[in-house]
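**Student:** The structure follows.
Residue numbers (our numbering), protein chains in the order written: chain A, 31 to 375; chain B, 31 to 375; chain C, 31 to 375; chain D, 31 to 375.
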């Protein structure tokens, strides 16, 4: 069945599978000490413009968020994020399981803004009872956000400055980073992210890999013993080559950027089609996830023909749904979706 | 370089890679709800003789141990194991990180015996101060053990009975289970393990997969919300198909058993060679890991020609080292190793 | 200096100190197995009308909340509360430290209402992604709340019914329970609370004891090994007699209720005085804590003459402040406060 | 009944109770910001010869051990101790509950020696697989130990030097510190302990207080936000005055040392009596706890006349039992015990 359910419904870019086959029988050292991890690290450092960066490969987003946050926070500290942040609501309590409170702040289009953050941190500092309150210890943002939106360079810079002024590390969840960087409507580059954050990750799972997220501490600032911390979190693959080789491939000849751009092109084609059909967008999104408000009775018919994501109830008769493109979406897929919708509207 | 460093130095059995390619572009639901996970579950249930089994796929051994143990224990309980158990010493504190004490008991050849366990549980029950002591809540064994040894059917049955008498679940770590089942010197089958334990896993990472461990609750006895618990532990892959397809392939036409048997054949060839060379075995092992006591000066020469595992200091002039075969070891590899050793002895 | 800063500024009711002296040299078994704990348990059971109740003594509120919540929840579960609940904001992350997410819901006058709870639980059950979301595992309310307000019998019954319908235990934080029970404006008795909750505690620290909270599982429903769980949380005093004797004294001849009523009488005198002075109440409170909105310049003068609690910023020129009476407040104290305020207004 | 069951069977030194009465109605700020905590801090700093020391008051030993250890260790680190250390076996897993592994080393008379520690740390540093093993992050000793034994100045200095060489903080559990300092057979002073450790505590619960342990970071080296960490662990009493006043009293006119010396005098009287009766000592102890090996049938008669502690099974017909004196033991108590024993031997 036609699927726009998410950007992780298909396997991996074929270049990855081809190289898995080619390198399959070479003996390699385990736990990330293989040649492919080494090569991928170098390519990521070059792409970020950070020759000193520490680079680690983990398997998935929730695992990465929990491991990085727990590694960077002393036990009494909490992590600040937008109320819609993935860690706040959709990770089954993985952050709290490591002992840390998630401190959600009001969001706008899925984003945390610098003024909101600054006000929160100022209020905390001024609170007579602050020692009985969880102390904010780092700031988490996602780019693209859970609503597909993007920070502008100015917004990210402002967050960076508030964080620096308050001595808090800024962590950017890049589970869908490729789609953000390839957006037609962004002024933020990978080098900007490396310059403006203290740690971030380049998502593989949702951008052409079978699994894998590359965590980057841009200035060689990984927490002491991060390797052991990964092991302690169950986040260390014995066959680290699987992750290294995928990122090595994705960062050869800009494959990561090219396939991300393809997904954006497909999303733009889909958006134009939705607009032509008179659909109501829930929030404008410049990336690969598009959110529509659709009548519930239409959804009942639609779901038998195409897979998509139920997001949230809009009102008693409408629902917010998500259509996601990916590196593997074809123009025919998009046109087929639009044709089905046309018959139902 | 020739490598006997471990059983996770090469990639995956080529049948797995071939099927990854074949199925790559099919859209599949995420998080383990894909067709391949469903099919693999059925094949594992059949192989275990447990039609009611709950089956979950995780990525690696430490992750699996921590997730299963934390899921099965109330927070005040500890997990009993042999002092050499993987969870006791080689998981960077992953079990303690979940809040549980590991309770190590004296071992023999890496194994926990029923009498030792029974005595420990009796002493605990008789201890006037037991409420100030960590209460044993489950028993962990590995099969093969960290020394490559195996429980006999009688030994496993005895452990099962002590556990049942004390109301403790028995958990079997099968990271290398294939090599145990394929040993020339075992009377324990997969069905026996399913019958005698409360939860166990069939290791994929070390037996032909890129990653993946199949956790089996043989009588449909998975803890409530085990799916959310996996998510909370960062143990849920978005592209669960990667794990499902690998186990589906491994449990088609007994591939798992055939490649395990190949590794055993290679280990037997290696053992005979070692014996012929007059090498000293540290402990006898009927599986794919062989432990020798070698002089330190020999090791300095050996390491430039072959990769192997340093295990532990034996005395001031000798070291225990490990040579592991795997599904991908060839007779030529073994013969090359033996030839090198012959020149050094 | 005159102090209305809180209800824990003075020591203990003198009857407690007298009995500490009288019993001081009697040898008693430790850890809550002494005669006074036994006697206090019986008196509390009688006062609650619950002959089967399990009763444990802990030292303070945050400790009790964390220990009880962690003891009653499986690790993947969260605790629901009003957004202003003490556990949500003023316990330095003690609940999250045990691994559990606090799930705050909108409140009204510090209270959680049954309809809000029911809607939340229904939405959770209907959420397609609920397995990625923290599962609600128990409900926490405080009585009096953090704003001094009280649940009516009907409100508490409605919460009880929602909890029962969804299989969730209801936990009532009674850190200031005495002042709630002694309010002139309540229809809830101690027996009602025992009947309508699954666990609650009778606060001692803020109601005449040096320290101590009596946790009551009304139907003998304490979690298995609650004693060891207390120890694991550092919540077990060696000299448990200190806690037992205090509760034994407080529940002899209704001392707990009499001193609570005294504090209420003092609060009513204070309220009348505030009203006569034309003060603005932040929220109406029927218990010993009264919240006023006062101009900031007045507070600067006031703080040199009387201790009170800064609660929260109201607007740029006003602040919410708290005046608390206790078992040890005298009419003269209240009159002195009112006289000072009169000179400043 | 006559009791030598422990040193926490009676209440508090009467000077403490008298001052509780005297100061009872003074309003004091909560959470350790009261006048008595301030005064006690100054007196403890003076007694330790550490004018810069950070001093905090907690309620009991397990709580203190868990809070201090968790505050000083990064999450991936473990705590090294003697295998008989209190944290290793008798705290119901309180340390592991905070996520840290306890790393027990072989002991001699309850003590950890510097050579054993040094060898362990050297082996860890040399272990090729050390990143998969829990990294030692601090060292815990108790003084007196769980067997009543004491470190000599030379032994403690040697441990201090190994710790310093490896960059590990040394933590001394002084739950019974008074009895150690007052021993007739010690060359270690309070100032020595302050000089040789990085954090230690002066036990109150077992040395004349109702509850309370004074944690001292001798060089002002408390972890950041230790106050919030205490709150997070449920270790912060609202009425901190209870703890402050007790330590203020104990450290006025050397009361702590005088009552400790009294307990030692009683223990010496008891030891002489035991020796005269021909009793077999399990281990020699220079402090207030004495361990005898007694025949089981004698114990059955003894327990109806005197309370004592069952320690451990010695052999099939003998048991190790503990007799503890305290600040409240009288010469008559000792003589009565000896008289009873005389009739039974």
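We put the beta carbon where it would ideally sit given N, CA and C, even for glycine.
At the 8 Å Cβ level, is residue 340/A part of the contact set with chain C, yes or no?
**Tutor:** Cβ-Cβ to chain C under 8 Å: yes for residue 340/A.
**Student:** Going by alpha carbons, who is nearest to residue 258/B out of 60/A, 184/A, 92/A, 368/A?
**Tutor:** Checked all of 60/A, 184/A, 92/A, 368/A; the closest Cα to residue 258/B is 92/A.
**Student:** Between residue 303/B and chain D, is there a C-beta pair that is closer than 8 Å?
**Tutor:** Judged by the 8 Å Cβ criterion, residue 303/B is not in contact with chain D.
**Student:** Starting from the C-beta of residue 342/A, find all residues in its chain whose C-beta is less than 7 Å away, skip the five residues before and the five after it, and write them out in chain order.
**Tutor:** Excluding sequence neighbours, residue 342/A sits near 350.
**Student:** For residue 100/C, return the contacting residues in chain B, with the cut-off set at a CB-CB distance below 7 Å.
**Tutor:** Within 7 Å Cβ-Cβ: 105.
**Student:** Counting only beta-carbon atoms, is residue 236/C nearer than 8 Å to chain A?
**Tutor:** Answer no: the Cβ-Cβ gap between residue 236/C and chain A never drops below 8 Å.
**Student:** Can you check DSSP and say which residues form a bridge with residue 342/A?
**Tutor:** In DSSP, residue 342/A forms a bridge with 350/A.
**Student:** Excluding sequence positions up to five away, which residues of its chain have a Cβ less than 7 Å from the Cβ of residue 183/A?
**Tutor:** Cβ neighbours of residue 183/A beyond the five flanking positions: 217, 218, 222.
**Student:** Between residue 162/B and chain D, is the shortest Cβ-Cβ distance under 8 Å, so that the two count as touching?
**Tutor:** Closer than 8 Å: yes.
**Student:** If you draw a straight line from the C-alpha of residue 160/B to the C-alpha of residue 154/B, how long is it?
**Tutor:** When rounded, the distance between both Cα atoms is 6 Å.
**Student:** Does the separation of the CB atoms of residue 83/B and residue 339/B fall below 8 Å?
**Tutor:** No; because the gap between Cβ atoms is not below 8 Å, this pair is not in contact.
**Student:** Could you tell me whether the Cβ of residue 243/D comes closer than 8 Å to any Cβ of chain B?
**Tutor:** No, no contact with chain B.
**Student:** What span of residues does the alpha helix (DSSP H) with residue 98/C cover, start to end?
**Tutor:** Residues 91-102.
**Student:** Looking at residue 239/C and residue 235/D, is the spacing between their C-beta atoms short of 8 Å?
**Tutor:** Going by C-beta atoms, residue 235/D is not nearer than 8 Å to residue 239/C.
**Student:** Got a sec? Which residues, its chain only, sit under 6 Å from residue 107/C by beta carbon, not counting five neighbours each side?
**Tutor:** Excluding sequence neighbours, residue 107/C sits near 165, 167.
**Student:** Quick check on residue 314/C: does DSSP put it in helix, strand or coil?
**Tutor:** In this structure, residue 314/C counts as coil in the three-state DSSP scheme.
**Student:** Along the chain, which unbroken stretches of the alpha helix (DSSP H) at least 4 residues long are found entirely within the stretch 200-255 of chain A?
**Tutor:** You should have 207-211, 220-226.
**Student:** So with CB distances below 9 Å, who are the chain D contacts of residue 296/C?
**Tutor:** By Cβ distance, chain D contributes nothing, its closest Cβ being about 14 Å from residue 296/C, past 9 Å.
**Student:** Grab me the residues of residue 144/D's own chain with a C-beta within less than 8 Å of its C-beta, minus the 5 sequence neighbours each way, in chain order.
**Tutor:** Cβ within range, chain order: 185, 188, 189, 191, 192.
**Student:** Give me the chain A residues within the contact set of residue 51/B, using Cβ-Cβ distance strictly less than 7 Å, ordered along the chain.
**Tutor:** Result: 47.
**Student:** Can you check whether the C-beta of residue 125/A is within less than 8 Å of a C-beta belonging to chain D?
**Tutor:** So, not an interface residue.
**Student:** Going by DSSP, what residue range makes up the alpha helix (DSSP H) through residue 411/D?
**Tutor:** Since the first residue of chain D shown is 31 and the last is 375, residue 411/D is not available in this structure.
**Student:** Compare the Cα-Cα distances from residue 207/A to each of 142/A, 319/A, 113/A and report the closest residue.
**Tutor:** Of the candidates 142/A, 319/A, 113/A, the one whose C-alpha sits nearest the C-alpha of residue 207/A is 319/A.
**Student:** In angstroms with no decimal places, state the Cα-to-Cα distance between residue 227/A and residue 147/A.
**Tutor:** Rounded to whole angstroms, residue 227/A to residue 147/A spans 15 Å at the Cα level.
**Student:** Please compile the residues from chain C whose C-beta is within a distance smaller than 8 Å of the C-beta of residue 276/D.
**Tutor:** By Cβ distance, chain C contributes nothing, its closest Cβ being about 10 Å from residue 276/D, past 8 Å.
**Student:** Assign residue 367/D to buried or exposed, taking buried as 16 or more other Cβ atoms, counted over all protein chains shown, within 10 Å of its Cβ.
**Tutor:** Buried: at least 16 other Cβ atoms inside 10 Å.
**Student:** Can you find a CB in chain C that lies within less than 8 Å of the CB of residue 317/D?
**Tutor:** Answer no: the Cβ-Cβ gap between residue 317/D and chain C never drops below 8 Å.
**Student:** I believe residue 233/D touches residue 273/D by the beta-carbon criterion, under 8 Å. Please report the beta-carbon distance rounded to the nearest angstrom.
**Tutor:** Their Cβ separation, rounded to whole angstroms, is 12 Å, which puts residue 233/D and residue 273/D out of contact at 8 Å.
**Student:** On the CB-based measure, 16 or more other CB atoms within 10 Å of its CB, does residue 212/C come out buried or exposed?
**Tutor:** Looking at its Cβ environment, which holds 16 or more other Cβ atoms inside 10 Å, residue 212/C is buried.
**Student:** If you measure between the beta carbons of residue 54/C and residue 359/D, is that distance less than 8 Å?
**Tutor:** Taking 8 Å as the Cβ cut-off, residue 54/C and residue 359/D do not qualify as a contacting pair.
**Student:** With a cut-off of 8 Å on the beta carbons, I'd call residue 123/D and residue 317/D a contact; round off their distance for me.
**Tutor:** Not quite, the Cβ-Cβ distance comes to about 27 Å (not below 8 Å), so this is no contact.
**Student:** Can you round the beta-carbon distance between residue 203/A and residue 70/A to whole angstroms, since I take them to be within the 8 Å contact cut?
**Tutor:** Incorrect: roughly 20 Å between the Cβ atoms, too far for contact.
**Student:** What does the Cβ neighbour count give for residue 175/A, buried or exposed, with the cut at 16 atoms within 10 Å?
**Tutor:** When all chains shown are included, residue 175/A counts as buried.
**Student:** Assign residue 173/C to buried or exposed, taking buried as 16 or more other Cβ atoms, counted over all protein chains shown, within 10 Å of its Cβ.
**Tutor:** So residue 173/C ends up on the buried side.
**Student:** Cβ closer than 9 Å: which chain A residues qualify as neighbours of residue 286/B?
**Tutor:** Here the premise fails: no neighbours, minimum Cβ distance about 17 Å.
**Student:** Closest to residue 45/B by C-alpha separation, out of 290/B, 285/B, 356/B, 305/B, would be which residue?
**Tutor:** It is 285/B whose Cα lies nearest to the Cα of residue 45/B.
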